[in-house]
Each structure stands twice: as structure tokens, then as C-alpha cells.
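In our numbering, the protein residues as written are 115 to 309. Just so it is clear, CB atoms sit at the ideal spot from N, CA and C, and this is done for glycine as well.
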């Protein structure tokens, strides 16, 4: 899952949200320097990632990207899932998605002293360009895919990924629909186990 999904799966708990959003920027034992709540969010993020990678719907979705993007096919599916989440009318309206994203940014800013430097440097761009909200548009998700390719060590071609998304849009959305309720139940269960 990507940023929007990790925010959504924090269930409005501020410290869980912070940990869930910064987890990829926290390595090894440095996790222990955070509050218990933030540590729970970091752990939850990692459990969600493992669950996502092994879910049958995700494995099916990866088949679309794998021939061209190999190890990065999972990362592309994560971004694509955020697009479908942003457009899932059983979860968000356009207005409620916008409000949700603003709350996420405000929460992260309130905890700015705890954010890792690399995440802190990225946050102004995330907020100014409203990444979480703009995942809902084809242009926004295309920009996210371009960013993913740009940050990768071995990729240069993002056009194929965007083409594959457009050509397989309905199939990828069906994978998301099979996945989202399962991951929400999983995340809720994992959080209750940490209490």
C-alpha cells in the first residue's frame, strides 16, 4: 500500500498515522526512539506491507506489471491501489477525501519534531501538491508513477506503466475491490493485538 492507504489504515489515531507514514524512513533499532504509539504505527505499516504483498488479489495485479518492471511491480500496484482507494465512493466522497488529506497533513505537521529528516524534507511537496488527494486523478497517479520510476535505481520508462494501468484499468480495480476489505480487517485486527 502507498501513502493514502497507510493513512486510511491508521483509523484516525494520530501516533499510529505518524508511524504508518514514516515507517519506510525508519531503519533498524532507530524505531525504539519513538513513542509507543508511533512504534505501533511503524509496526502496523510493515505488517500491512507484508500482507499486501502476499494477498492473492495483489499477486494477480502484479502480473500486469511484472513482465516490464519485475521487482518494482509490487510498488506500482501499491500506487495503483491508492488511486482506486481515492475513488472508492464507499469510503470517500471527493469532499471527504479532501478533508481527510488536510487532516493527515495537519497531524504530520503537529508531530514534525518526530519526523525523520528525509520524510520532513518531502512533506512540504506532499502537502503543496496534495499528493494524497490527487491520487484520484489519472494525472495525479501518473505523476506518482513517474516519481516512483525516477527514484528507482534501475528504471527509466514510466510510460509503459501508465499504459498498462489504462489498458487493464477494470481488472486492476477488481483486484483492489477484492483486497481492500481484507486489508482493512487485517489492519484492525493487528492494531487490537498491539493494545
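Per DSSP, residue 219 is one residue of the alpha helix (DSSP H) stretching across 208-224. For residue 153, the enclosing alpha helix (DSSP H) starts and ends at 150-168. In this structure, the beta-carbon distance from residue 293 to residue 171 falls below 7 Å. Put simply, of 222, 197 and 216 the residue whose alpha carbon is nearest the alpha carbon of residue 291 is 197. Here residue 275 is actually not in contact with residue 199; their C-beta atoms are around 18 Å apart, not less than 8 Å. In the structure shown, the three-state DSSP call for residue 277 is helix. Under the 8 Å Cβ criterion, the segment 145-152 counts as touching the segment 118-135, having at least three qualifying pairs. CA-to-CA, the gap between residue 212 and residue 245 works out to about 11 Å. Counting along the chain, no alpha helix (DSSP H) covers residue 127, and no H or E run does either. Assigned with DSSP and collapsed to three states, residue 230 falls in coil, not helix or strand.
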